[in-house]
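>
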Amino acid sequence: KVRRLTYEGRRAGEGYFSPDGTKMAFQSERIDENPFFQIYELDLSFGDTRLVSTGSGKTTCAFIQPGTGEIMFASTHLDPRTLELQAEEIAFRESGKERRYSWDYDPHFDLFVTNGDGLTRLTDAEGYDAEGSYSPDGKTIVFCSMRSAFEDGLTEEETKLKDIDPSYFGELYLIDADGGNLRQVTDVRGYDGGPFFSADGSRIVWRRFTEDGFIADVYTMAADGTDEVRVTDFGSMSWAPYFHPGGEYIIFAGNKLGFSNFELFIVDAAGEKEPVRVSYSDGFDGLPVFTPDGEGLSWTSTRYGGDAGQLYMASWNHEAALKALDAAPPRTNNSEVGK
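Note that my numbering has the sequence shown beginning at 1427, numbered continuously upward.
#1: Determine the DSSP secondary structure at Gln-1491, reduced to helix, strand or coil.
#2: Determine whether the beta carbon atoms of Pro-1755 and Glu-1698 lie at a separation below 8 Å.
#3: Work out the CA separation of Ser-1624 and Phe-1463 for me, nearest whole Å.
#4: Is Ala-1500 helix, strand or coil when you go by DSSP?
#5: Measure the C-alpha to C-alpha separation of Phe-1489 and Gly-1639 and round it to an integer number of angstroms.
#6: Residues bridged to Ile-1457 by DSSP?
#7: Enumerate in chain order the residues of its own chain whose CB-to-CB distance from Tyr-1442 is below 8 Å, with the five nearest sequence positions on each side excluded.
#8: Tyr-1594 by DSSP, collapsed to three states: which one?
#9: Does the segment 1565-1579 come close enough to the segment 1597-1608 that 3 or more CB-CB pairs lie under 8 Å?
#10: Do Thr-1658 and Val-1693 come within 8 Å of each other at the CB atom, strictly closer than that value?
#11: Restricting to Cα atoms, I'd like to know which of His-1503, Asp-1643, Phe-1678 and Leu-1608 is closest to Gly-1616.
#12: Roughly how many angstroms lie between the CA atoms of Asp-1458 and Thr-1652, to the nearest whole one?
#13: Output needed for Arg-1456: all residues of its chain with C-beta closer than 6 Å, excluding positions within five of it in sequence on either side, in chain order.
#14: According to DSSP, is Ser-1574 helix, strand or coil?
#15: Are the beta-carbon atoms belonging to Ser-1705 and Lys-1682 less than 8 Å from one another?
#16: Sorted by chain position, which residues of the same chain lie with C-beta nearer than 8 Å to His-1744's C-beta, five sequence neighbours on each side aside?
#17: If we ignore side chains and look at the alpha-carbon of each, how far apart do Gly-1764 and Phe-1660 end up?
#18: Glu-1689 by DSSP, collapsed to three states: which one?
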């Protein structure tokens, strides 16, 4: 029962549900004077869509706060060069030139939250702050930050990497919902990002890239940053993991079958089995998210043509997923399970 959720704009993606499953916050390129993503909220009951962000700058990674319905996202709209950068990107696209799509770790990204009437800034450190999500009780935010790239004490090699590949400095942090009480929970060179809490709030799932940025795997840890567990050893770019609400398994995207062919896979939460393939469509299938009741799945896909993704949704068979994982072979790659 696959159906397409978004049609408007050049691309859309990263849709995340409200706790009751009636709304979705997502990002889309659909403003003529701004070629970059902006944040929108979709009412899944009525189909109405409203702009949440300012309409200016770059935005990403929206998430709806449990209990309040407020929407958190990352934005660069306070960058003094915002309008200049928008104009430059529009001119580049109109020139007919093309570049390979890659994510922009703009150091002006900060976290903001809105109740619809205005924005509250949650982070203000120099460096990329984005990829935030709330704990199920709405009290804690986990996010990725590259702020350490702008701190004193970098080696000569790290100083060079700051300009070449800032994602090398990506680490996970926790803050309270009001932006206070910052604490760092990962400290391994290589890009740690894309974190989400499990439905019971006990664990965090994320993906960690190797230092060279070529391989990524799925990890989990306790909500306080302890008890780190490596869940996959897939020999590919395995990223965008998300817990099923039941907690037994994790869905993620991986290009195991070809560099540009991302498919969806599920893997048991303990990482004892080999991942099981879920999607079968050429191109990109990624950024998967379960509905809060666990009976549906939304993800970003380029299926049905074009190289810019849109949001899709499908029914999810939890019992079939459990059976497929039970039948999967044990994890046989080189890394020790759970390490």
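Cβ atoms here follow ideal geometry from the backbone N, Cα and C, with glycine treated the same way.
Let me spell this out:
#1: Of the three classes helix, strand and coil, the one that applies to Gln-1491 here is coil, per DSSP.
#2: Going by C-beta atoms, Pro-1755 is not nearer than 8 Å to Glu-1698.
#3: Roughly 27 Å between the two C-alpha positions.
#4: If DSSP states are grouped into helix, strand and coil, Ala-1500 belongs with the strands.
#5: Phe-1489 and Gly-1639 have their alpha carbons spaced roughly 26 Å apart.
#6: DSSP output for Ile-1457 lists Asn-1460 as bridge partner(s).
#7: Taken in chain order, the residues that qualify are Met-1450, Ala-1451, Phe-1452, Ala-1488, Phe-1489, Ile-1490, Ser-1559 and Val-1715.
#8: Looking at Tyr-1594 - three-state DSSP - the assignment turns out to be helix.
#9: Judged by Cβ distances under 8 Å, the segment 1597-1608 makes contact with the segment 1565-1579, as three or more pairs qualify.
#10: Against a cut-off of 8 Å, the Cβ pair of Thr-1658 and Val-1693 comes out as a contact.
#11: The residue with the shortest Cα to Cα distance from Gly-1616 is Asp-1643.
#12: A direct Cα-Cα distance of roughly 45 Å separates Asp-1458 from Thr-1652.
#13: Excluding sequence neighbours, Arg-1456 sits near Glu-1434 and Gly-1435.
#14: Three-state DSSP puts Ser-1574 in a helix.
#15: Taking 8 Å as the Cβ cut-off, Ser-1705 and Lys-1682 do not qualify as a contacting pair.
#16: Residues of the same chain with a CB within less than 8 Å of the CB of His-1744, apart from the 5 flanking positions on each side, are His-1670, Gly-1672, Gly-1720 and Glu-1721 in chain order.
#17: Any answer about Gly-1764 is weak, because its pLDDT of 43 lies below 50 and its placement is not dependable; what the coordinates show is given next. Answer to the nearest angstrom: the Cα atoms are 14 Å apart.
#18: Looking at Glu-1689 - three-state DSSP - the assignment turns out to be strand.
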